[in-house]
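Asks: Supplied in structure tokens, the structure appears directly below.
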Amino acid sequence: SSLCKTVLDAAVKKIEAPFVAILLPLLACSRRGLRQMDLEAITKQMNFDWNALDFARFTRYLSPYFIWLEDGRLDFSHKSVREGFLMYLGDSNYFHKHIIEHMKQLDEEDILRCQEGIWHCYQCDDFDFAGNLLAQGVHLGEGYSHLERALTELNRLDNNGWLLKLCQYDFE
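For the sequence shown, the working numbering gives the first residue as -9, with consecutive numbering after it.
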């Protein structure tokens, strides 16, 4: 994690754009990366100015740590890099909550919302949005198979009974 802090500090110093300091934590909190449009929207939501040129410099400067996925998401090139940044972050609820706020603005069928929504709800105990995602999944039916996979994965990871709490939650 000290290496991750060193990399982040060097990137912030080199690029000289304040929003750069939150990009790596946001990417670390995602499971499979975020698109440029998502990063832009979330940084603006967090009251940072976005600059596409600085973002391009950021991705070029840190290119050994990144891969671009087919759906346009920027992700870490290796799981250990993500884990290092997560260790450096400590409590990541702040970032998960901002990612959820962004997801609430996305279309119901958006791939990021479908694949990652439940994960972020799990990370910061957002039962209301999780219920919303489940209701949309029932409504969309077959087209929402990503939700089923996300719930299956959470079921394997869920040691503290979050899914049971979700089933017992009194939704608004």
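Don't be surprised by glycine CBs; every beta carbon is placed ideally from N, CA and C.
Just so you know, these numbers come straight off a predicted model, no measurement behind them.
Short of 6 Å in beta carbon distance, which residues of its chain neighbour W152, apart from the five on each side in sequence? Order them along the chain.
Replies: Y112
Asks: So what does DSSP say about W152, is it helix, strand or coil?
Replies: helix
Asks: Tell me the rounded alpha-carbon separation between C157 and D118.
Replies: Their Cα atoms are separated by approximately 11 Å.
Asks: Excluding the 5 residues flanking R22 on each side, which residues of the same chain have their C-beta closer than 8 Å to its C-beta?
Replies: Contacts found: L59, R63, D65, Q105 and E106.
Asks: In its own chain, which residues sit with a C-beta less than 8 Å from the C-beta of L141, not counting the 5 before and 5 after it?
Replies: I108 and L153
Asks: In whole angstroms, what separates the C-alpha of P194 from that of S67?
Replies: Outside the modelled stretch of the chain, which goes from -9 to 162, sits residue 194, for which no answer is possible.
Asks: For Q35, which option in H88, Q126 and G127 has the closest C-alpha, if you only look at C-alpha atoms?
Replies: H88
Asks: Tell me the rounded alpha-carbon separation between F45 and V10.
Replies: Those two C-alpha atoms are separated by around 8 Å.
Asks: With H, G and I counted as helix, E and B as strand and the rest as coil, what does DSSP make of D65?
Replies: strand
Asks: Going by the beta-carbon positions, is the gap between A18 and L76 smaller than 8 Å?
Replies: yes
Asks: Buried or exposed, going by whether 16 or more other CB atoms sit within 10 Å of the CB of T33?
Replies: buried
Asks: According to DSSP, simplified to helix, strand and coil, what is L24?
Replies: strand
Asks: According to DSSP, is W109 helix, strand or coil?
Replies: helix
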